[in-house]
Amino acid sequence: MPENAPHPVKCGLEVHQQLDTGKLFCRCPTTLDEETTVEITRRLRPTHSEMGDVDTAALAEARKGRTYHYEASPHTSCLVEADEEPPHPINEDALNTVLTIALLTNANPVDEVHTMRKIVIDGSNTTGFQRTALVATEGSIETSEGTVELEAMALEEDAARIMERGQHQARYRLDRLGIPLIEIATAPQLHSPEQVREAALTLGTMIRATGKAKRGLGTIRQDLNISIPGGARVEIKGVQDLDMLPENVTTEKARQEFLIDLASRLEKTAHPDNIPNEPTDVTRLFEDTNANVITNALDAGHTVHALALPGFHGHLGTKDDEHRLGRELAGYARSQGTRGLFHTDELPAYGITENEVNAVHDALGTTPGEDAFCLVAAEETTARNALDMVAHRARLAFEGVPEETRQALEDGSTRYLRPLSGSARMYPETDVPPARVTSDRLDALGENLPEMPEEKAQRYEEELGLNEEVAGPLAKSVHAGLFDALAEEGVDASLAASAILQIRPQVESEGVTVSDDLLRGGVLAVEEGAFTKDALEEVLLTAAQEGSTVDEAVESLGLGGLSEDEAREIVEEIVEGSSGLVEERGMGAMGALMGQAMGRLRGKVEGETVNRLVREAIQERSG
Amino acid sequence: MTPPSPVDRLLDEENAEPGDRVRIQTQGDTYEGILMPRHAFSGQDTLVVKLESGYNLGLRLTEDDTLERLETPPRTEPETIPPEPREDLPTVALLGTGGTIASFVEYRTGAVYPATSPDELAAAVPEAFEHANIDPHVVFEAFSEDLTPTHWLELADAIENAFNDGAQGIVITHGTDTLHYTATALSLLFNQLPGPVVLVGAQRSSDRPSSDAATNLTAAVRLAANERIGEVTIVMHETMSDTTWSIHAAGRARKMHTSRRDAFQSLNHPPLGRITPNEIQWDTQPHPPSDEIQRHGTITDAVSLIQSYPSLTENELLAAAKNQQGLVLAGTGLGHIRNDLIPTLETIIDEGTLVTVASQCLNGRTNLYVYENGRELVQAGCIPTNDMLPETAYVKLAWALGTADTTEEAKTLFQEPQARETTPRTAYHYPTGGNADA
Chain A
-14 MPENAPHPVK
-4 CGLEVHQQLD
6 TGKLFCRCPT
16 TLDEETTVEI
26 TRRLRPTHSE
36 MGDVDTAALA
46 EARKGRTYHY
56 EASPHTSCLV
66 EADEEPPHPI
76 NEDALNTVLT
86 IALLTNANPV
96 DEVHTMRKIV
106 IDGSNTTGFQ
116 RTALVATEGS
126 IETSEGTVEL
136 EAMALEEDAA
146 RIMERGQHQA
156 RYRLDRLGIP
166 LIEIATAPQL
176 HSPEQVREAA
186 LTLGTMIRAT
196 GKAKRGLGTI
206 RQDLNISIPG
216 GARVEIKGVQ
226 DLDMLPENVT
236 TEKARQEFLI
246 DLASRLEKTA
256 HPDNIPNEPT
266 DVTRLFEDTN
276 ANVITNALDA
286 GHTVHALALP
296 GFHGHLGTKD
306 DEHRLGRELA
316 GYARSQGTRG
326 LFHTDELPAY
336 GITENEVNAV
346 HDALGTTPGE
356 DAFCLVAAEE
366 TTARNALDMV
376 AHRARLAFEG
386 VPEETRQALE
396 DGSTRYLRPL
406 SGSARMYPET
416 DVPPARVTSD
426 RLDALGENLP
436 EMPEEKAQRY
446 EEELGLNEEV
456 AGPLAKSVHA
466 GLFDALAEEG
476 VDASLAASAI
486 LQIRPQVESE
496 GVTVSDDLLR
506 GGVLAVEEGA
516 FTKDALEEVL
526 LTAAQEGSTV
536 DEAVESLGLG
546 GLSEDEAREI
556 VEEIVEGSSG
566 LVEERGMGAM
576 GALMGQAMGR
586 LRGKVEGETV
596 NRLVREAIQE
606 RSG
Chain B
105 MTPPSPVDRL
115 LDEENAEPGD
125 RVRIQTQGDT
135 YEGILMPRHA
145 FSGQDTLVVK
155 LESGYNLGLR
165 LTEDDTLERL
175 ETPPRTEPET
185 IPPEPREDLP
195 TVALLGTGGT
205 IASFVEYRTG
215 AVYPATSPDE
225 LAAAVPEAFE
235 HANIDPHVVF
245 EAFSEDLTPT
255 HWLELADAIE
265 NAFNDGAQGI
275 VITHGTDTLH
285 YTATALSLLF
295 NQLPGPVVLV
305 GAQRSSDRPS
315 SDAATNLTAA
325 VRLAANERIG
335 EVTIVMHETM
345 SDTTWSIHAA
355 GRARKMHTSR
365 RDAFQSLNHP
375 PLGRITPNEI
385 QWDTQPHPPS
395 DEIQRHGTIT
405 DAVSLIQSYP
415 SLTENELLAA
425 AKNQQGLVLA
435 GTGLGHIRND
445 LIPTLETIID
455 EGTLVTVASQ
465 CLNGRTNLYV
475 YENGRELVQA
485 GCIPTNDMLP
495 ETAYVKLAWA
505 LGTADTTEEA
515 KTLFQEPQAR
525 ETTPRTAYHY
535 PTGGNADA
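From first to last, the protein sequence lines stand for chains A and B.
The numbering used here puts the first residue of the first sequence at -14, with every later residue one more than the last.
The numbering used here puts the first residue of the second sequence at 105, with every later residue one more than the last.
The following block contains the structure:
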């Protein structure tokens, strides 16, 4: 490839990581909750002013006219999440975390942090907006393919959890609303699927190094901006798995290439002006249909509407095509609350007969084999709105790739969510005072920068005596903070490392969760001699299964440390009981007696000690 | 005088104002964006800029930094829809007193402007116009905490004019802090009303999608347009949900929460009814409308409201009563005050000030005969307020003293039920406040 050739793909990455600092604008914890004792029903009502004149994204949501139900519990939310109380000042701990990342990436922190309202009216925020604040600009990180600039670092509140999404209503839980998210956006300077993954990994590691990152599923999300030459900026939201990022880049690149190619093919057979503005009601043509989806819809009092797509025959594609216009159209239709649509490139099928297809062609005045049409069976307004969107999308097909926000799916593909948001939908959150970023504050943070994994690994090896194979992975893992805390408390480094890297995963493979607190309790108990390291796995498993404390688990397992004298008595008893064997074989009886002794002393006395005691007892007897 | 900060100087030199596009160079970095108004809590050395991304940020500027004004983009104008008057709809006068029931965000600067003209309102709250032809008037523009009894009288005049001009009902948009004082005053200033007078406010400002302003206004307009009643009511959210609205009787409702949508609660009297998305339900028979409008009396501002508390001093009591015609004492429990202050009250009464005793409990009736303390208050000449809220008693005393020719007559006017502000029977009704949809 020549030096100046355009890159085949240009990606920007946004990493969103939840912080474990308490919520951003109230003092609620950042835990999720299964209790729901509070129920609130709301509607969001964007006025023309909130729409501004450019806010296509908000307008698309507003058209859905939904009712929102919120469920909450007093343990994880308060009146702030319910939008029944103004926000409190911004969480300084969370802000310091973002400023720390700014320092680590040589970014420019702003002098005053201003919280903004970003209009979001899908109900996921009770207020109708997400609070977000720009904290720093112009940082950079290194990747193996070069330096990547960081355009912005922001601090924002997470949205409520979606529990149920219906056609005219949605149900959310308020526990997640308001959890701080650090958002880091790179410039569109990532040029390969692997570089995207590497950048995400680097940023994720850096945030975790602050010790303020939340752990677990759903606590980190990546958004991708992708465009290719001749394509358009497409934002892919919510990639949870780092390893899926390269796949997402590859798939989106292919989708855009397909759409560019489609535009040039469409131009030859169709024209956007020929797409009608209004769909046609064709309900009567399906009164006697055998298509289940349609009969069910008609039974519910719904309608069937059709939209003619003149000259589109063969361009919509079938299930055999990985990328197809039909799927794009269906995505736009679904954004209006329909289940999907039928189109002629796939018909007859699904119980819709050729006669019915021809009857619709007749009604629309379109020609089979040249023209296409889409059918939507739904409540009338929904059907009309859906086909409006289909017509809009079909017209966009002539231009190639529309700017869109799409949702990442687990298989690496995406689905349409909404048009790309404009920037005008932000206005000041007047209820939150600006936060000053003074040089004193930055100096103080600069003196306490977190240790990066490489430095950590080195310290683990040099100061704590861990070997390289353990030190490296531990330093990079999300558990490094826990390990550091245990080491700080004086726990033996190899005990702490093996508890974290081996014993906990082993116990958790039984389907239970070992919390950091439980693990710490277990390790400290071993350190104090309450039981031995061999029994740690058993103790943790019991405690996790029974929801009990370490002490209770030790008790119920009948462990509990023995003094050496007590152990010696037991050993002597065993040796006494096998006196014949000892007389016969002397030290050769060691193996058998050791087995018996461990059977009674496991977890209570270290194996090494038992070994010595058995040896001494045999010597005494045979000696 | 403090010398102008580098920010002021830079803005001055370039003649830059909020809304202008500017380029700033500070410490080797360049920022371009729209100049924003400085936040009240921003540093004097800080300039606020809105970037292309939509974010605002504050930049601390020094003498070495530069600012360049690039252009002044046109201001975005509010969208307006001229409402079509419909002959089949009643006319409702919308009296604005300040507070923004509907507003328009100027995106360039983030400034919020109230929608006051019919055209702006129709664009902002089109659903309200489905129930009535709305005739908006701005009576005054004030935060409700800044209102005085003079404003109540101005508002009464505006109500009279609006009914005389043919309005079938009246909706008053009002800040929520003192909305219940105004409602009580209006309920006393008219002894006959030809149609509903509905006060309405909002707990979430109208510049956000979750505002309760538009739905509260629409509920109030429905009541004003459709119900043939002749009394003053307050319409606000019944719960935290956007599903039902309570109709409170003037004199009985009180703002009981600083921020919740259902902040207004009726005390000692159940709400008169409820507005649902489909109907208006009455639990108490509303007062019928009269043929004519009739004013009743006026209001003096020579009345104080003071709360009794453990370290209250004689001097504070005397200061509260000084030059006042009336004093409402929100006492403890059934209506008590520290015993050693009773002689002071007696002095105040002897000097001609009417003293009434309400309760800080808010819920329940005063009774000055149960304890020695109360009996001494009666002997000193204090008048119990019975089941009147302290604020209701305060407004009513100001009205009674403003209206009556003699103190004795004022005492009678104060004690007799005038509207719904007091009844001889104490209701079971006792809002415990609480859960969302409970």
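C-beta: ideal position from N, C-alpha, C; glycine also.
The model shown is predicted, which means the values in this text are computed figures rather than measured ones.
Residue-level contact to chain B via CB, residue i, 9 Å cutoff
i: HIS33(A); result: Its pLDDT being 49, under 50, HIS33(A) is placed unreliably by the model, and the measurement read from it follows with that caveat. Answer yes: the Cβ-Cβ gap between HIS33(A) and chain B drops below 9 Å somewhere.
i: ASP306(A); result: no
i: ASN210(A); result: no
i: LEU64(A); result: yes
i: ILE86(A); result: no
i: ALA118(A); result: yes
i: PRO214(A); result: no
i: ALA144(A); result: no
i: ASN93(A); result: yes
i: GLU388(A); result: no
i: ALA79(A); result: no
i: THR26(A); result: yes
Cutoff 8 Å; reference residue i; Cβ partners in own chain excluding five residues on either side
i: THR530(B); result: ASN372, GLY468, ARG469 and ASP491
Contact set between residue i and chain A, taken where Cβ atoms lie within less than 9 Å
i: PHE247(B); result: Result: empty, since nearest Cβ-Cβ is about 15 Å, beyond 9 Å.
i: HIS143(B); result: GLU97, HIS99, PRO413, THR415, PRO418 and PRO419
Limits of the alpha helix (DSSP H) - the one that residue i falls within
i: SER424(A); result: 424 to 432
i: VAL375(A); result: 365 to 381
i: TYR498(B); result: 494 to 507
i: ASN81(A); result: 77 to 89
i: ARG267(B); result: The amino acid at residue 267(B) is misidentified as Arg; the sequence shows Phe. Residues 253 to 268.
i: GLU551(A); result: 549 to 562
i: HIS284(B); result: 283 to 293
Under 8 Å from the C-beta of residue i: neighbouring residues of chain A
i: ALA462(B); result: In chain order: nothing, as chain A lies at least about 29 Å away.
i: ALA425(B); result: By Cβ distance, chain A contributes nothing, its closest Cβ being about 37 Å from ALA425(B), past 8 Å.
Opening and closing residue of the beta strand (DSSP E) in which residue i lies
i: MET148(A); result: 146 to 150
i: PRO135(A); result: Looking at the sequence shown, residue 135(A) is not Pro but Leu. Run containing LEU135(A): 131 to 142, per the beta strand (DSSP E) assignment.
i: TYR55(A); result: 52 to 57
Chain-ordered chain B contacts of residue i [CB-CB under 9 Å]
i: PRO173(A); result: Going along chain B, no residue has its Cβ under 9 Å from PRO173(A), so there is no contact; the nearest lies around 14 Å.
Within chain A, partners of residue i - CB distance below 7 Å
i: ALA173(B); result: According to the sequence as given, residue 173(B) is Arg; it is not Ala. In chain order: nothing, as chain A lies at least about 21 Å away.
i: SER146(B); result: GLU97 and PRO419
7 Å CB neighbourhood of residue i in its chain, flanking five on each side removed
i: GLU237(A); result: ILE211, VAL219, ILE221 and THR399
i: CYS465(B); result: GLY437
6 Å CB neighbourhood of residue i in its chain, flanking five on each side removed
i: GLU118(B); result: LEU171 and ARG173
i: VAL590(A); result: LEU547 and ALA552
Cutoff 9 Å: residue i Cβ touching any chain A Cβ
i: ARG312(B); result: yes
i: ARG113(B); result: no
i: ASP223(B); result: no
i: LEU517(B); result: no
i: LEU139(B); result: no
i: THR286(B); result: no
i: THR404(B); result: no
i: ARG308(B); result: yes
Chain-ordered neighbours of residue i on chain B, where CB pairs are closer than 7 Å
i: ASP96(A); result: THR150, GLY162, LEU163 and ARG164
i: GLY113(A); result: ARG312, PRO313 and SER314
i: MET411(A); result: GLY158 and TYR159
Closer than 8 Å at the beta carbon, the chain B residues around residue i
i: LEU29(A); result: PRO313 and SER314
i: ILE104(A); result: PRO313
i: ALA137(A); result: SER157 and TYR159
Under 7 Å from the C-beta of residue i: neighbouring residues of chain E
i: GLU69(A); result: Annotation note: the requested chain E is absent from the structure, which comprises protein chains A and B.
Enumerated in chain order, which unbroken segments of the beta strand (DSSP E) with a length of 3 residues or greater are wholly contained in the region 462 to 538 of chain A? Entirely contained in the region 462 to 538 of chain A, not one beta strand (DSSP E) run reaches 3 residues.
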